[in-house]
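Just so you know, the sequences run in chain order F and A.
Be aware that the first sequence starts at 671, since it is given in my numbering, and climbs by one per residue.
Be aware that the second sequence starts at 173, since it is given in my numbering, and climbs by one per residue.
Worksheet: one structure, shown below.
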Amino acid sequence: QQPVQSPQAVILREGEDAVINCSSSKALYSVHWYRQKHGEAPIFLMILLKGGEQKGHDKISASFNEKKQQSSLYLTASQLSYSGTYFCGTEGQGTALIFGKGTTLSVSS
Amino acid sequence: GAVVSQHPSWVICKSGTSVKIECRSLDFQATTMFWYRQFPKQSLMLMATSNEGSKATYEQGVEKDKFLINHASLTLSTLTVTSAHPEDSSFYICSVGKQGYSNQPQHFGDGTRLSIL
C-alpha cells in the first residue's frame with residue numbers, strides 16, 4: 671500500500687528549514703528516502719531500519735517512529751540544491767519499493 | 173561511477189511501434205530488477221519485478237502481454253513496450269537492489285523518456 675506523504679509542496683527561501691512526513695497504514699520495517707530532480711533518476715538519501723532510529727547527512731536528517739508507522743525528513747538551512755521532489759519508499763513484495771506521491775520542495779534565493 | 177546503466181535515454185516513435193529498453197547492472201549480479209513508470213508530476217509506480225531465469229511478477233493493472241520483460245542474465249533486464257500508443261508515453265526507469273538485502277538502497281538507472289506520436 672502506498673505510503674502517504676505530507677505536505678505535497680513546500681516553498682522556502684535559502685536558509686529556512688522544512689519537514690516532510692511519510693506515514694503508512696501498515697507496519698514499516700524500513701523507510702527509504704530519495705530526491706529526484708526534474709527529468710532525472712531518483713538519488714538515494716538514506717534508509718532507516720529501526721524504530722527510534724535517526725540518521726543525518728550534512729544538513730539533511732531523518733527519523734523513524736516505528737510505532738507510529740511514520741518517518742520524517744528534516745532539511746535544515748536549506749540550499750538551492752535541495753530543490754526537487756522528495757519521495758519516501760516502503761517495502762512492497764520482496765525488496766521492491768512502493769513510493770509515496772512525493773513532496774516538491776522549491777528553494778529560492 | 174554508475175551502478176545501473178539504462179538505454180536508450182529517450183525514444184520518439186510512431187504509434188504501433190514496439191520499443192525495447194535495456195537495464196544493466198554494472199556493479200553486481202542482480203537476480204532481481206525492478207521496472208517503474210512515472211507520468212509527469214507523479215510518483216514512481218512499480219510496474220513489475222524482473223526475475224533472472226523466470227517469469228516477471230507484474231503489479232495489478234499492468235498488462236504483461238503489453239510490457240514484456242526478459243531477464244536473461246544476471247546483469248541485464250529488458251522491457252519491451254509492444255504496439256505502443258500515445259498513452260504509453262512516460263518516463264520508464266529501472267532499479268537494482270542487492271537481492272535479499274532490504275537494508276540496501278535501490279540504484280536507479282537514468283530512465284528512458286518514451287514519446288509515442
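Ideal placement from N, C-alpha and C gives every residue a C-beta, glycine not left out.
Check, Outcome
"6 Å Cβ shell around T755 (chain F) - same chain, five flanking residues per side excluded", "Q706, G772 and T774"
"Three-state secondary structure (DSSP) of E761 (chain F)", "strand"
"Helix, strand or coil at Y699 (chain F) according to DSSP, with G and I counted as helix", "coil"
"E194 (chain A) - partner residues in DSSP beta bridges", "A:H179 and A:T250"
"Unbroken beta strand (DSSP E) run spanning Q210 (chain A), endpoints", "T204 to Q210"
"C-beta atoms of L218 (chain A) and F206 (chain A) nearer than 8 Å", "yes"
"T221 (chain A) - partner residues in DSSP beta bridges", "A:F206 and A:T229"
"Residue environment, S693 (chain F), which counts as buried when at least 16 other CB atoms sit within 10 Å", "buried"
"Residues from the region 197-219 of chain A in contact with chain F, defined by Cβ distance under 9 Å", "T204, F206, Y208, Q210, K213, Q214, S215, L216, M217 and L218"
"Extent of the continuous beta strand (DSSP E) to which F263 (chain A) belongs", "S262 to V268"
"Listed by chain order, chain A residues near F714 (chain F) by CB distance under 9 Å", "P277, Q278, H279 and F280"
"Contact under 8 Å by Cβ, G283 (chain A) with Q214 (chain A)", "no"
"Extent of the continuous beta strand (DSSP E) to which H708 (chain F) belongs", "Careful: H708 (chain F) lies outside any beta strand (DSSP E) and carries neither H nor E."
"Buried or exposed by the 16-neighbour rule on C-beta atoms within 10 Å, applied to S748 (chain F)", "buried"
"Beta carbon of Y230 (chain A) nearer than 8 Å to that of K238 (chain A)", "no"
"K696 (chain F) at chain A interface by Cβ criterion, 8 Å", "no"
"Cutoff 8 Å: I184 (chain A) Cβ touching any chain F Cβ", "no"
"Of the residues F:P673, F:Q671 and F:E686, the one placed nearest S776 (chain F), counting alpha carbons only", "F:E686"
"Member of A:S187, A:Q276, A:I184 and A:A244 whose CA lies at the smallest distance from the CA of R196 (chain A)", "A:A244"
"M219 (chain A) Cβ short of 7 Å to the ligand NAD heavy atom set", "As for the ligand NAD, it is missing from this structure, which has no ligand bound."
"Extent of the continuous beta strand (DSSP E) run through V234 (chain A)", "Neither: V234 (chain A) is in no beta strand (DSSP E) and is coded neither H nor E."
"Alpha-carbon spacing of A202 (chain A) relative to M716 (chain F), whole angstroms", "21 Å"
"Residue-level contact to chain F via CB, G188 (chain A), 8 Å cutoff", "no"
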